Amino acid sequence: MNKPVLTIEHLSVTFNQQQKVVDDISFEIFSGETFALVGESGSGKSITALSVLRLLPNNARLTAAAISLHGDNLLHRSEFELCKIRGSRIGMIFQDPMSSLNPVMTIGSQIEEVINLHFSLSRQATQQRVLELLQQVEIPEPEKRMKDYPHQLSGGQRQRVMIAIALAGEPDLLIADEPTTSLDVTIQAQILALLKTIQQQTNMALWLISHDLALVSNLADRVAVMQRGKIVETGITAEFFSHPQHPYTQKLLDALPSMQSCFTHNVEQKPPLLQVRDFSCHYPIRKGIFKRVVDYVKAVDGVSFDIQQGKTLALVGESGCGKTTLGKSLLNLIPASGGRVIINGIELSRLDGEELRQQRAHIQIVFQDPFSSMNPRMLVGDIVAEGIKALHPKISSDDRKARVALLLQQVGLPEDSALRYPHEFSGGQRQRICIARVLAVDPKLIVCDEPTSALDVSVQAQIIQLLKTLQQEKGVSYLFITHDLAVVAEVADEVAVMYQGKIIEHGPVAQVLSRPAQAYTKKLLAAVPVLQTENPKITA
Amino acid sequence: MVILWTDALIFLLLGLMLVLGLYLHQKEYMKRPLQQIGRSKVAMVSLVVLFFFMLVGLLDSVHFKSAKSNDIVSLLDVWATPLREQGEKTYSAPFAVYLYSKEMMTQADGTQQWGYPRLQFGGAHLTDPEAQQTSDITEKALYGFAQGAGLVIFFLFLLWSVLLEQHKPFMNSSSAKAAWAMVFLIVSVNYALIYLSGYYHVFGTDKVGEDVFYQAIKSIRTGLVIGTLTTLIMLPMAIIFGILAGFFRGWVDDVIQYVYTTLNSIPSVLLIAASILMVQVYMANHEEAYTSVIVRADMRLLFLCLILGVTSWTGLCRLLRAETLKLREMEYVQAAQALGVRRRVILLRHILPNVMHIVLISVVLDFSSLVLAEAVLSYINIGVDPTTYSWGNMINGARLEMAREPIVWWSLSAAFVFMFALVLAANLFADTVRDAFDPRRGGYE
Amino acid sequence: MIQYIIRRFLYAFPLLMGVNILTFVLFFIVNSPDDMARMQLGQKHVTEQAVTNWKQQRGYDLPLLWNAKADGEEKLTQTIFYQKSVGLFLFRFGVSDSGRNIAADIAQRMWPSLAVALPSLIVGLLVNISFALMMVLFRQTYLERSGMVLCVILMSVSSLFYIIGGQFFIGKLLKLVPISGYDSGLSAVKFLILPVLIGVCSGIGSGVRWYRTLFLEEVEKDYVRTARAKGLSENQTLFRHVLQNAMIPILTGVVVVLPLLFMGSLIMESFFSIPGLGSYTIDAINSQDFAIVRAMVFLGSVLYVIGLLLTDISYTLVDPRVRLS
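Residue numbers (our numbering), protein chains in the order written: chain W, 10 to 549; chain B, 380 to 824; chain H, 196 to 520.
Given below as structure tokens:
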């Protein structure tokens, strides 16, 4: 058994002398192993990592018995000595590579900076090392790329650069704080494979922080779960996922959407509610002195599909494929440039101005971010009643209040919610308010634009359940836009896969997910991390 | 009652502020920032100082025809009558008993002597100035201070006994204590000064013998008028144009941007100068409309505020346009569109309340820069009328006389002290307001 | 990028036309040339003949916009609008109401203005940025808080007091440098020390606060966290990463005022008797010389528009995100 690289004993972090964000946690990480710290948002996992490096904000107070790197207690080290350790013995990569890189320095110089800090090599040798690192993280054409700025690279490439920066110091421990959360699922698979390769090459310890249990089950040797600042369970991956002990862990695992549920949907056909024919959204590209239109960006290019009454169509794709644009332009929030949208026999695409406004009730939308989708200065009751006031002005104020109370009850919120403000509610509750707001006008079709992507996995399960219940009770149809294939399996009856503005595959969910026809769909499915309960590791 | 234009507008503004205050007071999203302001010692102390300045300004804004001299006077004038009427011949130093410059004096026995004559009013009650002066001043100062202190303590006791239980904790908080300490200080010191000014010229006299303390106090109204009326004129333009440009974009945005870029490219001082010149020529050619000196000066003050307002709306407009552009992309605006809410309702309900914090911060910040600007403008002679009492005019007048030996420093210092107090209080209050309403520091947005 | 510059340049013309029209309305429509003549010659007892003479001497005897009595194109050109306002575009500033050639005066007087304004800007920039950096280095300590209080106090003092106080204490009491005046060539330096010093001091309060806000905004960004995780100390992060990024808004903010430096500071030049464009303007305002005021307004607008153009260009040069997109 090797000795631990990192030992944390009784670490606590308090903010503003009141909030205990990390509450007496202890664990060890051994060299050559991948240790995963999982938990939902606000559980304190990122703060734990920052405490090791002592990069906490000024209003945080840290107390611990020991934080030891190879037996050397870091708490006794001065700030100056800690600067020598950061970046060279312990490396860290963060969630959003675009904002984590300095936008006005070339990536080559950002990597060089680490080398110059911790080693004294000649200029020649430094340049050589930078090239080596870029090759190690598999960036093509490293000599050219060295002189590029972060905004010229893609998201996946930026994260590779971040890894290169972390590796430049030849660390014993690499901390990865949600390294793939903001990346597409195919890129995610690549980055994780890269991390695994590098770990095996260098035998360094990898401390992975994530909220994605499926991902962790594929990658980690040992897992620890954090809830509200405490570690509730630790264990070896295989044991952990096949026989979870703590009720919280069990709850988390139960809440995970599984790909197998795609077989449980009712395949009975219903008449079509929405018919979309040859729908396009083209953005003009203007160049030249007088800004003439030279070309078009085809965000949505000639899309056609039907949605049946009371059924759910899932629209999947990676970022930039046009799914959000499609969803919003169906409601004319983004102007469309061609095609027809027919709902219940009414051709929406022909309507304009006041006529369009009257027909708005038929299609509604629920947005991704529960924090920015409600006016922070309005009462919840007013927010929910907004649609009723606009489209049915003749309904009296008392009737409106009664309807709002009924809706809030239907989405599972307490009675007095109408008199409170949005910021008093949690993320999941806010999403419920948004759903209530949408239901107030009795829509036939609800476009759900990634409604659960910003929520914790346990809350996600509740919202999905709510949506299903509402569909059964009211017979409303959903256009469910998401990038998460597991959620698709739970929620959808039919799936349409989008790529670069076109729908490349469309069919019943069981068929598309188990027997995909297109190569891209196969690639997507292969990249999705599946919860491993038996064999915990994937080999690189 | 004589109602000057600026008086009417000041009271209108006061009314509007009270109404707005009552309306917003109940709103939940105002409670947190207001509480934060209430808890800050600095803010409460500055607010107290500002309150006293406003009180003086308001007193000075109620005008009527005096029975005695057929002049237009204000309530403040009536209260400060001794200061107003006890003028000397020319300069005299603060608390002085003698005139600043030497004169030919006729003695009691008929001989002529070249010396410093005694002042007519300042220290006139002293028989032996050299010996008595210091003790007399100290005595009177303490007496006045005690009077003021007594008044404040009495008032506090009254308030404490009358106040309901629920408000008592607020009164006990450290910021409230600091505020009351400031009230105590201001009232006592001012009482002392006022009592003393019955006997001496506390800040001396200026070239024509007018009491400098009186001038400084009268200038308060001018500073306040410029700081507040300009805002009254600037706000509607900035808000309407800024929000419309940001929300509708397209040609509306282009036109409004063109207008404010054009206005901005003209150097503001020159624009103000040109406008004031035009106003002067206009007023010169329409003599009949302006009956008295005070009415004319008042009109010029009003025009100055108008011009300042028209030239300064562009800054806030730009900020509001940028914020509206951001808000427009917020999902709750899109949700409102999807729910079929009309555009004008979206503007009123979603955009306007969410930019008000920028407006508030801007208003409070601009106040101090406007007061400072008035001094500079008066210096270039494109500010207020030379007959209006203003700190700018005081500085201007004093500056021309700086070459005298010994130097005449009291006019300048008085203007400095008063202006500094007002601007510092406004700046400190503005800082606290900005911190309280900054969405990043709060728990909202 | 060239196309972008050309497009912005073309936009300048309607702007300047707008300025021209606005000043024309301001100067000629609110008060007719008759009113101006009357005011220049004294209010009462002014004969019609005197007014006509005055107008004829200065070319104000033409109709405002449209000359019905002339023929052909002269209907448009023999008007006040064409003669006075349009001529500005060609920098034909004409003659002042007192008879001097305006263009020549401007060419001569802009150098003293620059001699005061440019050092003030540069020294002020260095001082403000250094203090702001120190504030950020010591953020959330008592040093910073007292520094901020000091800044508010400095900011609340009117610039007039700085000037008068500075002139009094340094010039009169300590007799270190001359109070006012100007000389040509290198000997001008001793006359410039006081104005530059006072200019810098009066701007410290608001300048330090502004730059501190800029720096604090950058310090809270994610790449600073990455830099610290690499092993950079607080100082190194500030000077290498934060300063680099903050220089973009600082630089573009400076560039926009550069052309306007020629116009000079009206107050400074007046108090220190510097024969620059600022005092030129003040004298013109005091003597109500409309010709000069018009010319200065137009010049000011041109310089402002040039400043806007330079800002856009500097953004594309300095910010790689704009340059390489």
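Quick reminder that beta carbons are idealized off the backbone N, C-alpha and C, glycines included.
All values reported here derive from a predicted model rather than from experimental measurement.
query: For a contact defined as C-beta to C-beta under 9 Å, what are the partners of Ser382(W) on chain B?; result: Met709, Glu710, Tyr711, Gln713, Ala714
query: Who are the Cβ neighbours of Ile618(B) in its own chain at under 7 Å, not counting the five residues just before and after it?; result: Leu699, Val738
query: I'd like to check one pair, Ala441(H) with Thr432(H): are the Cβ atoms closer than 8 Å?; result: no
query: Using 8 Å as the threshold, is the C-beta distance between Ser338(W) and Val309(W) below it?; result: yes
query: Expressed to the nearest angstrom, what Euclidean distance is found between the alpha-carbon atoms of Leu504(H) and Leu642(B)?; result: 17 Å
query: Which chain B residues are close to Gly276(W), counting only those with a beta carbon under 7 Å from its beta carbon?; result: According to the sequence displayed, residue 276(W) carries Val and not Gly. Near Val276(W) there are no residues of chain B at all, since even the closest Cβ is about 31 Å away, more than 7 Å.
query: Given that a residue counts as buried once 16 or more other Cβ atoms are within 10 Å of its Cβ, and exposed if not, what is Lys153(W)?; result: exposed
query: State the DSSP-derived secondary structure class of Asp764(B), mapped to helix, strand or coil.; result: coil
query: So what's Asn544(W) in DSSP terms, helix, strand or just coil?; result: In this prediction, Asn544(W) has a pLDDT of 44, which is less than 50 and means its spatial position is unreliable; what the coordinates show is noted afterwards. In the structure shown, Asn544(W) sits in coil (DSSP, three-state: anything other than H, G, I, E or B).
query: Could you tell me whether any Cβ in chain H is nearer than 8 Å to the Cβ of Met773(B)?; result: no
query: Would you please verify whether the beta carbon of Pro412(B) is less than 8 Å from any beta carbon of chain W?; result: no
query: On the criterion of 16 or more Cβ atoms from any shown chain inside 10 Å, does Pro545(W) qualify as buried, or is it exposed?; result: Interpretation of Pro545(W) is limited by its pLDDT of 40, a score under 50 that renders its predicted location unreliable; the figure taken from the coordinates is listed afterwards. Under this definition Pro545(W) is a buried residue.
query: Buried or exposed for Asp81(W), please, with buried defined as at least 16 other CB atoms from any protein chain shown within 10 angstroms of its CB.; result: exposed
query: Under 8 Å between the Cβ atoms of Ile537(H) and Val311(H)?; result: There is simply no residue 537(H) to check, as chain H begins at 196 and stops at 520 in what is shown.
query: Using a Cβ-Cβ cutoff of less than 7 Å, which residues in the same chain neighbour Ala75(W) once the five nearest sequence positions on both sides are dropped?; result: Thr16, Glu18, Asn82, Leu84
query: With a cut-off of 8 Å on the beta carbons, I'd call Val488(H) and Ile480(H) a contact; round off their distance for me.; result: 6 Å
query: With contact counted as at least three CB pairs below 8 Å, one residue from each stretch, are the stretch 52–70 of chain W and the stretch 18–27 of chain W in contact?; result: yes
query: Distance check for Gln362(H) and Glu753(B), CA to CA, integer angstroms please.; result: 21 Å
query: Between the alpha carbons of Leu357(W) and His371(W), how many angstroms are there, rounded?; result: 10 Å
query: Could you check if Met114(W) belongs to the surroundings of the ligand FMN, using beta carbon to heavy atom distance under 7 Å?; result: With respect to the ligand FMN, the structure shown offers nothing to examine, as it has no ligands at all.
query: By the criterion of Cβ-Cβ separation under 9 Å, what are the contact partners of Val450(W) in chain B?; result: Leu718, Gly719
query: I want to see whether chain W comes within less than 8 Å of Asp484(H), judged by CB atoms only; does it?; result: no
query: Taking DSSP as the reference, what is the three-state secondary structure of Glu242(W)?; result: strand
query: Alpha helix (DSSP H) containing Pro293(W): first to last residue?; result: Element bounds for Pro293(W): not the alpha helix (DSSP H) but the beta strand (DSSP E), 281–296.
query: Sorted by chain position, which residues of the same chain lie with C-beta nearer than 6 Å to Ala549(W)'s C-beta, five sequence neighbours on each side aside?; result: Any reading at Ala549(W) is ruled out, since the residue's pLDDT is 33, under 50, leaving its predicted position unreliable.
query: Between the stretch 429–441 of chain B and the stretch 599–609 of chain B, can you find at least three pairs of beta-carbon atoms closer than 8 Å?; result: yes
query: If the cut is a Cβ gap below 8 Å, which residues of chain W does Pro515(H) touch?; result: Pro112, Val113, Tyr158, His160
query: Just to make sure I have the definition right: I need the residues of chain H whose C-beta is within less than 8 Å of the C-beta of Tyr637(B). Which are they?; result: Pro209, Leu210, Gly213
query: Compare the C-beta of Glu122(W) with all C-beta atoms of chain H and state if any pair is closer than 8 Å.; result: yes
query: Asp458(W) to Asp287(W), Cα distance in whole Å?; result: 21 Å
query: Can you grab the Cα-Cα spacing for the pair Phe533(B) / Met561(B), in whole Å?; result: 16 Å
query: By how many angstroms is the C-alpha of Arg497(B) removed from the C-alpha of Ala487(B)?; result: 13 Å
query: Going by C-alpha distance, which of Ser77(W), Phe128(W), Pro112(W), Leu365(W) is nearest Lys416(H)?; result: Pro112(W)
query: Can you tell me whether DSSP reads Ile573(B) as helix, strand or coil?; result: helix
query: If you follow the alpha helix (DSSP H) that Lys531(W) is part of, which residue opens it and which one closes it?; result: 528–536
query: Give, in chain order, every unbroken run of the alpha helix (DSSP H) that is at least 4 residues long and sits entirely within the stretch 156–190 of chain W.; result: 164–176
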